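When you line the sequence shown up against my numbering, it's residues 2 to 93, in that order.
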Amino acid sequence: MTVQMRPRVKYVIGPDGSPLTIADLPPRDTRRWVIRRKAEVVAAVRGGLLSLEEACQRYTLSVDEFLNWQAAIDKHGLAGLRTTWIQHYREG
Numbered sequence: 002m003t004v005q006m007r008p009r010v011k012y013v014i015g016p017d018g019s020p021l022t023i024a025d026l027p028p029r030d031t032r033r034w035v036i037r038r039k040a041e042v043v044a045a046v047r048g049g050l051l052s053l054e055e056a057c058q059r060y061t062l063s064v065d066e067f068l069n070w071q072a073a074i075d076k077h078g079l080a081g082l083r084t085t086w087i088q089h090y091r092e093g
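See the structure below:
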């Protein structure tokens with residue numbers, strides 16, 4: 002049985018509409034996760050620049066944490082990634 006892998010893309014469109022490459026992603030040792038950085042990682046995974054596993058390993062994220070970022074964007078846009086608004090959005 003052969004597993005077919007998608008070829009890795011060279012860039013994706015970032016959350017601000019500009020091209021995003023591996024070199025543009027947040028540093029591996031990022032500790033301060035501002036909205037833009039979270040959105041860039043989500044865009045990279047969605048676009049195929051990184052796999053979910055690569056993103057979680059690269060940034061020491063749990064799969065649940067990444068999926069929460071993705072769900073917040075889907076439900077509330079970039080504002081859903083604000084940590085001060087998480088409780089507000091969870092209630093809504």
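All residues carry an ideal CB built from backbone N, CA and C; glycine is no exception.
None of these values were measured; they are calculated from a predicted model.
Exposed unless 16 or more other CB atoms sit within 10 angstroms - verdict on Q71 | buried
Where T61 and V42 are concerned, what is the direct C-alpha to C-alpha distance, given to the nearest angstrom?
-> 12 Å
CA nearest to the CA of D17, picked from R37, A73 and G81 = R37
What did DSSP end up calling V43 once you bin it into helix, strand or coil?
-> helix
Local Cβ density within 10 Å of I14, reported as buried at 16 or more and exposed below that = exposed
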